[in-house]
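So that you can map any letter, position 193 of the sequence shown is 948 in this note's numbering, and since no number is skipped, the others follow by simple counting.
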Amino acid sequence: WAEDALSMPAPLYKRWRKHHGEERAEELARLALEEPTLSVRWTDEAARAELEELGARPGRHANVVLLPPGSTSAIVGSAAFREGRATIQGETALRAAELVEAQAGERIIDVCAAPGGKAVRFADLCGDAEIVAADRSARRLGSLRQTLARTGAAGIRLLVADGLRPATRGGFGRVLVDAPCSNTGVLGRRPDARWRRGPEDVNRLATLQGELLDAGREQVGPGGLLVYSTCSLEPEENEHVVRDYLSRHPGDTIVSAAEVLPEEIVEDGCLRVEPHEHGTDGAFAAAIRPGTRGLSVVAR
């Protein structure tokens, strides 16, 4: 039934029904059929005004507007986009970037950076930070190179590197592990993802995500912060990955996301966004302070 009526693989729908119940599972599946609105981050009032002429309305995030589905060509063709004053970027991705709390003068690394939107956001937030955007794919980093040329973002160094094999240890104040995932929080934007992943892939991805998180930890310097994020709805890729990480590193603590994010999108100290509850892409993120005692949620 789910495959025919909702264009949803039966195993995925069964998983959602188990975690969310029949009503919410069907709601999630129907939302995944809809082409989502486009969120665009702007850098100056002139860009905002130009986007409003295209039909933009205010978003939930500062400096973000929302445009109707199908507006990509109009956005990309605008002077604001061509001149680097407007960038298409999901609101939930911006929330995860906020959780990193990038600081001026710090060394920051995004170990799975492509296509690079979060790294560019770090540069906007703190222009004189040293930012490393690393990815194992040189081809995918090429798209980030184009974005840097368009936006003029400074202070970002591109590095072809495998996130499982840290090139440096303890050298960064902020480490972001935006891990490969099942994409079940963004099926409206990536409809093919529902057919590319099966139930067995969730466990395989969770293993990889845990390994990336462990490797990311090795790059965090004293007093630094490790942030883990996905665009998945699956607990095995989110809360379970963090839970298992903490069992391996009992001196580390979750740092409450409520310190920097609205409480309505924080659950058990982590960013947790659900399409059927918040009307946006699904996402998860957790900030972790390595090397402290206990496992309780702590303030920054």
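Cβ coordinates follow ideal geometry from the N, Cα and C atoms, glycine included. The structure displayed is predicted, hence computed values, not measured ones.
Annotation: VAL915 to PRO921 spans about 11 Å, alpha carbon to alpha carbon. Here the region 925 to 939 lies against the region 853 to 872, with 3 or more beta-carbon pairs under 8 Å apart. Following the DSSP letters along the chain, one finds GLY872 inside the alpha helix (DSSP H) bounded by residues 872 to 880. The Cβ-Cβ distance between GLU846 and VAL875 does not fall below 8 Å.
Within a 10 Å sphere around the beta-carbon of THR923 sit fewer than 16 other beta-carbons, which makes this residue exposed. In the assembly as shown, ASP1007 is a buried residue. Its beta-carbon has 16 or more other beta-carbons within 10 Å.
A straight-line Cα-Cα distance of about 14 Å links VAL932 and ALA857. Put simply, the backbone Cα of GLY953 is about 7 Å away from that of PRO766. Less than 8 Å divides the Cβ of PRO1030 from the Cβ of ASP1036. Straight through space, the alpha carbons of ASP969 and SER833 are spaced by roughly 42 Å. Within the region 894 to 970, the complete beta strand (DSSP E) segments of 3 residues or longer fall at 911 to 915 and 927 to 933, listed in chain order. For GLY872, the closest of ASP883, LYS773 and ALA889 by C-alpha to C-alpha distance is ALA889. DSSP places ILE863 outside any alpha helix (DSSP H); the residue lies instead in the beta strand (DSSP E), whose first and last residues are 862 to 865.
The Cβ atoms of TRP797 and ALA851 lie no closer than 8 Å to each other.
Bounds of the beta strand (DSSP E) holding ILE1043 are 1038 to 1044.
By the Cβ rule, the region 936 to 949 counts as touching the region 780 to 798, because three or more pairs are nearer than 8 Å. Among the bridge pairs identified by DSSP, CYS1025 is matched with GLU1022. Residue nearest to GLY825 within the set ALA811, SER937 and TYR768 is ALA811 (criterion: CA-CA distance). Following the DSSP letters along the chain, one finds THR842 in no alpha helix (DSSP H) but inside the beta strand (DSSP E) bounded by residues 841 to 843. In this structure, GLU991 places its C-beta atom within 8 Å of the C-beta atom of ASN958.
Here the alpha carbons of LEU849 and ALA1038 stand approximately 11 Å from one another. Judged by their CB atoms, LEU854 and LEU919 are not nearer to each other than the 8 Å cut-off.
Shown here, GLU800 sits in a helix according to DSSP, grouped into three states.
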